[in-house]
Each structure stands twice: as C-alpha cells, then as structure tokens.
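These protein sequence lines are chains L and F, in that order. So in this note's numbering, spot 77 of the first sequence is number 77, and the numbers just go up one at a time. So in this note's numbering, spot 150 of the second sequence is number 150, and the numbers just go up one at a time.
2 protein chains.
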Amino acid sequence: MPVTTTSQATTEHQLRDALAGVGKAIGHPHRLRLLELLAQRAYRVEQLAELCDLNMASTSQHLQQLRRAGLITARREGRQMIYRLTDDRIVDLLGLVRDIAQSQLAEVERLLGQLFPQDIDEAPTEVFTRERLLQGLENGSVTLLDVRPGAEFEAGHLPGARHLTLAELKQHLHELPADRTIVAYCRGPYCTLSHQAVAYLRQQGYRVARLADGFPEWKRAGLPVEEG
Amino acid sequence: MPVTTTSQATTEHQLRDALAGVGKAIGHPHRLRLLELLAQRAYRVEQLAELCDLNMASTSQHLQQLRRAGLITARREGRQMIYRLTDDRIVDLLGLVRDIAQSQLAEVERLLGQLFPQDIDEAPTEVFTRERLLQGLENGSVTLLDVRPGAEFEAGHLPGARHLTLAELKQHLHELPADRTIVAYCRGPYCTLSHQAVAYLRQQGYRVARLADGFPEWKRAGLPVEEG
DNA sequence: TTTATATTCAATTAATATGTTGAATATTAA
DNA sequence: TTAATATTCAACATATTAATTGAATATAAA
Chain L
1 MPVTTTSQAT TEHQLRDALA GVGKAIGHPH RLRLLELLAQ RAYRVEQLAE
51 LCDLNMASTS QHLQQLRRAG LITARREGRQ MIYRLTDDRI VDLLGLVRDI
101 AQSQLAEVER LLGQLFPQDI DEAPTEVFTR ERLLQGLENG SVTLLDVRPG
151 AEFEAGHLPG ARHLTLAELK QHLHELPADR TIVAYCRGPY CTLSHQAVAY
201 LRQQGYRVAR LADGFPEWKR AGLPVEEG
Chain F
1 MPVTTTSQAT TEHQLRDALA GVGKAIGHPH RLRLLELLAQ RAYRVEQLAE
51 LCDLNMASTS QHLQQLRRAG LITARREGRQ MIYRLTDDRI VDLLGLVRDI
101 AQSQLAEVER LLGQLFPQDI DEAPTEVFTR ERLLQGLENG SVTLLDVRPG
151 AEFEAGHLPG ARHLTLAELK QHLHELPADR TIVAYCRGPY CTLSHQAVAY
201 LRQQGYRVAR LADGFPEWKR AGLPVEEG
C-alpha cells in the first residue's frame, strides 16, 4: 500500500515555502524595478541605487532577496558587485505577470490608459511584431531605432539598430530616412520611451512604428543581438 | 520634444505596485496551496479551508487577496461562494515559478530529492510527455489512470482515464491490464500521488509509467478533457 | 417571517518586512 | 602596510501582513 510518511506533509510545506519565496521576491515595486533594469543589462549596486532612487544599503538588501529567490546572481569584479538575471526565464515571468495583471485588473487597464494615452483624432500607431520587424529588416524597408539610455544600448541591442535618446532625437533628425518606416523600440511593453519617440517623429512627418515589446523579449526569443 | 509629465513617474510606480500585487498574492504558502487546488477544479470556501487545514475566516481572507490580484474569481451559488482560477495562464505562472525555483534553488532540488526518492537499485520510472501519451492512447497501447481524489476526477479528467485512489488501488488491482503500460497521473509535477501509485503497481509487477505533469497542464495545453 | 447556514467583515494581537543609520568587510590603489 | 571605495551587515523604528475570534451579512429553507 502506498506510504505517506509524517514528514511528507512537512516537505511539501517547505517546498511551497521556497516557491512562495519567488512570489515574495517579485512582490515589491522596488524589486520589480530592479528586475526590469537587470533585464536590460548587468548593473552594479551603485548604478541600480541611483536609477531606482534608493540608498545603497536598501538596494543591496533588495538585491539579496532577489538572489535568495534565485532570480539574480552576483559576481564580484574588482571592488564592485555585478548583478544580472540568472536566467532568461525571468523575462518570461515578468511578462506573464504583466499579461495576467493587464487582462484581469481594471486598475492596470486604467493606469495604462493614463500612461499611453491614445490621441483619438489620430490613427493609432502601427505596432510591429518581432516577425514583421525581422522581415522588414531583411528586405531593407525599415530603419531600426533604439531609444533606451546609452548604457543599455551599449550592453546589447538589436542588430543594425541606430541609437538615439529622446534628447538627441531633435539634432539628428535629418539623419533619419524620410522614405522608410522607422521602427522604434525600448525596454519593453510598459516603457514609455518608444511611445514618446514615435509621437515626436510622427509629428515631424516621419513614417514611424513601434516594436510591440522591447530588447529583453527579443533576446529571450533567441533572436540575434549585437553585444557591446 | 518628448514630454515627461510629473505624474508619469507616479503612474509607473502605481503600475509596478499593481504588478507587485500578483507577486504578493503568490508569495505565501497557503495561497500557493489554494491555487494548486483551484487549478484542479472550482471549490467552495469550506472545502478549501478543510483541504488546507485553515479556518474559514483565514481561508476567505487569503482567497480575497488572490481575487484582488486577479488570480481567481468568485461566483455565488445559493448560499455558497464558488472560487475558480480566472484564467488558464495562472497554471503557466505556477509552472514557471516552479521551473525557475527548481533550476536556481539548491533547497528546492534537495526537497524534491526527499519527496521523490530515487531507489538507486531500480531503473528510473518511465516518464511520458503529453505527446507520447496521446500517441499511446491513440494506438491503444496504454491504460490511463487518474489517482487524484474523487472530487477532482469528477470535475474533469483526461479522456478515457480510469479513476482509482491509492486506497482503492489494492482491491481493484486485478481489473488493471497486465499486458499494457499503465500511465498514472495526478495534480501536477510536485504531487506525490502518481509517484506512489507507480511505486505500488511496479512492485506488483505491472508495466507502469508516469505522466510528466498533471491535469491542469493538460487542460491548459488545450487538449481534450472529459468534464463531470 | 423566522431560522439555519456559508461566508465575509472588523478588531485584536502576533509575526514579518521595510527603510534607515552607522559600523564592518573585502578589494584595489597608493 | 595603509588609505580609499563599494558593498554588505547589524540594529533599530516603523509599516505591513497573518491568524484568530466573534459579530455581521446574505441566501435558502422552514
């Protein structure tokens, strides 16, 4: 007859505790922000602290919670610690949480409407899937534009992408082709950078579209990237 | 020039707060247990309370946290509330958390070794993928055995599955075919029921294998189920 | 209506998580 | 060695979350 030892329930409970640790780790806005940043590239504690507007001790502690949950790893390099995602599946995890929240929580829907307002007069911006972008790059019908911060571009970007931050866009406007569709991309679906770039370029009369998601998802999909 | 309103940072923070809510929701062992159960079938509060060994008030509060996070919905039916997963993607979420934890946390690896000990002498139990099982069912080379509790089987099971709990297995042993492989399945990868069934049947001389994952994953994959 | 029942709400206490400060550690450069 | 720097640890105050109890609500049956 099947045996159910007394310790089995305990083990199952411990197992559930360990899995809950992953939930706890992503269950805080600061840690989500850290993961979003680390999905773009590896960072030192100091940089993360600055980008998240946290002090170093706090940042370090959050990073260690993420590490204990198996979501990031640390490597010492000289006198600094470099943190990175353990695994591309963390990108999937963040994406899945985003998708579930977006489809089930009215609050998220509302906030997205606020963050990405649709100008009702205009036709909606064209959105490229990864497949369509690949095709466009192959037949040379699109110019690819990375509008993330320079450091993120340098650590890795889509092949052939031109890099311009929003601030640089105005001065280099004439360098962009008027006869081809410009496809802008940024950190991911909830990042506003590519939306802002698209709005500006469109206003300036360019043919412009937006990649549906960002660099991490592209890399996660196993598509080629140029690394700095 | 691109505009960054003062409220944008706030909106992004609120958005991250909402997403963190999903993490918080799955960041407690009791709530994970509740989700595992609800992945099998819809349940009333009372049943969940009993299965999780919690009192009703506590159970109800945990359920409401899951509901606020958009992971489950409630429907009143007479004087009772029926809870169910909002979405099959919740099954994906649990699976992804499991996979990440398993590959990144030594503690999880250790606990699994404890929960599913490999008898070193024996050849390891054969594990069927869903694809292989489908094929085996088609050509009639396997008998499918559901070893979950009766209520879960009745709410939905794999087509053609025979239901026997571990307790019932002994008495109905002779009804099982000796000339075909018996494939047992249960709640999912971390459920011990199918392992126990396999160990017993094997010891009794049956040709027996285990489905890699359980009923929720099968259903989630869009494969046919027989509903009670 | 009244009564019985399932569930949720409210209030309390206990437990846990967070942010902050200053000290401790580990590594490089002097 | 010593000094400088990046990071982590320890300890505290504060905030959030959990479990428990008893009361309140909503529905169905009497």
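All residues carry an ideal CB built from backbone N, CA and C; glycine is no exception.
Option nearest G188 of chain L by Cα separation, candidates L:R41, L:P216, L:Y43
Along the first sequence, read from residue 1 onward, the residue named residue 188 of chain L stands at position 188. Comparing Cα-Cα distances from G188 of chain L to each of L:R41, L:P216, L:Y43, the minimum goes to L:P216.
Exercise. Do S72 of chain F and R89 of chain F have their CB atoms nearer than 8 Å?
Worked result: Stepping through the second sequence from its first residue, residue 72 of chain F is reached at position 72. Stepping through the second sequence from its first residue, residue 89 of chain F is reached at position 89. Per the sequence presented here, residue 72 of chain F reads as Ile, with Ser not at that position. Going by C-beta atoms, I72 of chain F is not nearer than 8 Å to R89 of chain F.
**Report entry** Outcome for A209 of chain F when other beta-carbon atoms lying within 10 angstroms are tallied against a minimum of 16
**Finding:** Counted from its first residue, the second sequence places residue 209 of chain F at position 209. So A209 of chain F counts as buried.
> Among F:R110, F:L15, F:A42, F:L38, which has the Cα closest to the Cα of Q102 of chain L?
Replying inline: In the first sequence, residue 102 of chain L corresponds to position 102, counting from 1. When only C-alpha atoms are compared, the closest one is F:L15.
Suppose you measure from the CA of L19 of chain L to the CA of L63 of chain F; what does that come to, to the nearest Å? In the first sequence, the residue the question calls residue 19 of chain L occupies position 19. In the second sequence, the residue the question calls residue 63 of chain F occupies position 63. Those two C-alpha atoms are separated by around 18 Å.
- prompt: So the alpha helix (DSSP H) R202 of chain L belongs to, where does it begin and stop?
  reply: Taking the first residue of the first sequence as position 1, residue 202 of chain L is located at position 202. Note, R202 of chain L: alpha helix (DSSP H), 193-203.
- Query: Between K219 of chain L and chain F, is there a C-beta pair that is closer than 8 Å?
  - Reply: In the first sequence, the residue the question calls residue 219 of chain L occupies position 219. K219 of chain L does not count as touching chain F.
request  = Taking E36 of chain F as part of the beta strand (DSSP E), name the residues at either end of that continuous run.
outcome  = Position 36 of the second sequence, counted from the first residue, corresponds to residue 36 of chain F. First-last for E36 of chain F: 29-40, but that is the alpha helix (DSSP H), not the beta strand (DSSP E).
- Classify I100 of chain F as helix, strand or coil using the three-state DSSP reduction. Against the second sequence, residue 100 of chain F aligns to sequence position 100. In this structure, I100 of chain F counts as helix in the three-state DSSP scheme.
In three-state terms, what does DSSP make of H13 of chain L? For the purposes of this step, residue 13 of chain L is taken as residue 13 along the first sequence, with counting starting at 1. Residue state, collapsed to three classes: helix.
Checklist entry - With distances taken between CB atoms, is the gap from L115 of chain L to T192 of chain L smaller than 8 Å? => result On the first sequence, position 115 is the one that residue 115 of chain L refers to. On the first sequence, position 192 is the one that residue 192 of chain L refers to. The answer is yes: Cβ separation under 8 Å.
Report yes if the C-beta distance between E226 of chain L and P159 of chain L is below 8 Å; otherwise report no.
Working through the first sequence from its first residue, we reach residue 226 of chain L at position 226. Working through the first sequence from its first residue, we reach residue 159 of chain L at position 159. A contact, by the Cβ cut-off of 8 Å.
| said: Taking the beta carbon of S58 of chain L as the centre, do at least 16 other beta carbons fall within 10 Å, making it buried, or is it exposed? | reply: Taking the first residue of the first sequence as 1, we reach residue 58 of chain L at position 58. The residue is exposed, with fewer than 16 neighbouring Cβ atoms inside 10 Å.
Task: Expected contact under 8 Å - CB spacing of R44 of chain F and I82 of chain F to nearest Å - done: Here residue 44 of chain F is taken as the residue at index 44 of the second sequence, counted from 1. Here residue 82 of chain F is taken as the residue at index 82 of the second sequence, counted from 1. That belief holds up - the Cβ atoms of R44 of chain F and I82 of chain F are roughly 6 Å apart, short of 8 Å.
Taking Cβ positions only, does E107 of chain F come closer than 8 Å to chain L?
On the second sequence, position 107 is the one that residue 107 of chain F refers to. Cβ-Cβ to chain L under 8 Å: yes for E107 of chain F.
| field | Selection from L:Q65, L:R33, L:A39, L:S60 that minimises the alpha carbon distance to L51 of chain L | value | Here residue 51 of chain L is taken as the residue at index 51 of the first sequence, counted from 1. Closest by alpha carbon: L:R33.
| message | Short of 9 Å Cβ to Cβ, which residues in the region 15-40 of chain F face chain L? | response | L15, R16, D17, A18, L19, A20, G21, V22, G23, K24, A25, I26, G27, H28, P29, H30, R31, L32, R33, E36
Taking the CB atoms as reference points, tell me whether Q40 of chain L and E152 of chain L lie closer together than 8 Å.
To locate residue 40 of chain L, count along the first sequence from 1; it is residue 40. To locate residue 152 of chain L, count along the first sequence from 1; it is residue 152. Cβ distance < 8 Å, so Q40 of chain L and E152 of chain L count as in contact.
(request) Keeping to the same chain, check which residues put their C-beta closer than 6 Å to that of A42 of chain L; ignore five residues upstream and five downstream. (result) Along the first sequence, read from residue 1 onward, the residue named residue 42 of chain L stands at position 42. Counting only Cβ-Cβ distances below 6 Å, and skipping sequence neighbours, we find I82, R84.
Exercise for the section: Kindly say whether D146 of chain L, judged by its beta-carbon, lies nearer than 8 Å to any beta-carbon of chain F. Expected result: As a working note, residue 146 of chain L is residue 146 in the first sequence. By this cut-off, D146 of chain L is not an interface position.
**Report entry** Cβ neighbours of L169 of chain L in the same chain (closer than 8 Å, five flanking residues each side left out)
**Finding:** As a working note, residue 169 of chain L is residue 169 in the first sequence. Only V147, A197, Y200, L201 meet the Cβ criterion.
Exercise for review: Output the boundary residues of the alpha helix (DSSP H) element that contains R68 of chain F.
Suggested key: Reading the second sequence from its first residue, position 68 is the one you call residue 68 of chain F. Segment 56-68, the alpha helix (DSSP H) holding R68 of chain F.
- prompt: I think R207 of chain F touches T181 of chain F, with their Cβ atoms under 8 Å apart; what is that distance to the nearest whole Å?
  reply: Translated into the one-based positions of the second sequence, residue 207 of chain F becomes position 207. Translated into the one-based positions of the second sequence, residue 181 of chain F becomes position 181. The pair is a contact, with the Cβ atoms about 5 Å apart (cut-off 8 Å).
Cβ-Cβ distance between A221 of chain L and R130 of chain L below 8 Å: On the first sequence, position 221 is the one that residue 221 of chain L refers to. On the first sequence, position 130 is the one that residue 130 of chain L refers to. Yes, these two residues count as a Cβ contact at 8 Å.
* **Where the region 80-96 of chain L meets chain F: residues whose CB sits under 9 Å from a CB there** => T86, D87, R89, I90, D92, L93, L94, L96
Original post:
Can you list the residues of chain L that G70 of chain F reaches, using a CB-CB cut of under 7 Å?
Top reply: As a first step, residue 70 of chain F must be located in the second sequence, where it is residue number 70. The contacting residues are I100, A101, Q104, L105.
At the level of alpha carbons, what is the spacing between L96 of chain L and L93 of chain F?
Taking the first sequence and counting its residues from 1, the one referred to as residue 96 of chain L is at position 96. Taking the second sequence and counting its residues from 1, the one referred to as residue 93 of chain F is at position 93. Cα to Cα, the separation comes out at about 7 Å.
* How long is the line joining the alpha carbons of E107 of chain L and V91 of chain L, rounded to whole angstroms? -> The residue given as residue 107 of chain L occupies position 107 in the first sequence. The residue given as residue 91 of chain L occupies position 91 in the first sequence. About 23 Å.
Determine the chain F residues that contact L115 of chain L at a beta-carbon separation under 8 Å, and present them in chain order. Your numbering for residue 115 of chain L matches position 115 in the first sequence. Simply Q8, T11, E12, L15.
Q) Can you find a CB in chain F that lies within less than 8 Å of the CB of Y190 of chain L? A) Working through the first sequence from its first residue, we reach residue 190 of chain L at position 190. True, the Cβ-Cβ gap to chain F drops below 8 Å.
Check your understanding: Excluding the five sequence neighbours on either side, which residues of its own chain have a C-beta within less than 6 Å of the C-beta of A69 of chain L, listed in chain order?
Key -> Counting from one through the first sequence, the residue named residue 69 of chain L turns up at place 69. If we look at A69 of chain L and ignore the five residues flanking it on each side, its Cβ neighbours are G21, V22, A25.
Practice task
Indicate the three-state DSSP secondary structure (helix, strand or coil) for R79 of chain L in the structure shown.
Solution key: Here residue 79 of chain L refers to the residue found at position 79 when the first sequence is read from its first residue. Coil, per DSSP.
Exercise. Could you check how far apart the C-beta atoms of L145 of chain L and L164 of chain L are, in whole angstroms? I think they sit under 8 Å.
Key: Stepping through the first sequence from its first residue, residue 145 of chain L is reached at position 145. Stepping through the first sequence from its first residue, residue 164 of chain L is reached at position 164. Right, their Cβ atoms sit about 6 Å apart.
- Task: Could you spell out the range, first to last residue, of the alpha helix (DSSP H) harbouring A230 of chain F?
- Result: No information on residue 230 of chain F is available, as it lies outside the stretch 1 to 228 that chain F covers here.
Can you pull the chain L neighbours of L111 of chain F, defined as C-beta to C-beta under 9 Å? Taking the first residue of the second sequence as position 1, residue 111 of chain F is located at position 111. Result: T11, E12, Q14, L15, A18.
Quick one: what does DSSP say L223 of chain L is sitting in, helix, strand or coil? For this step, residue 223 of chain L is matched to residue 223 along the first sequence. It is coil, neither helix nor strand.
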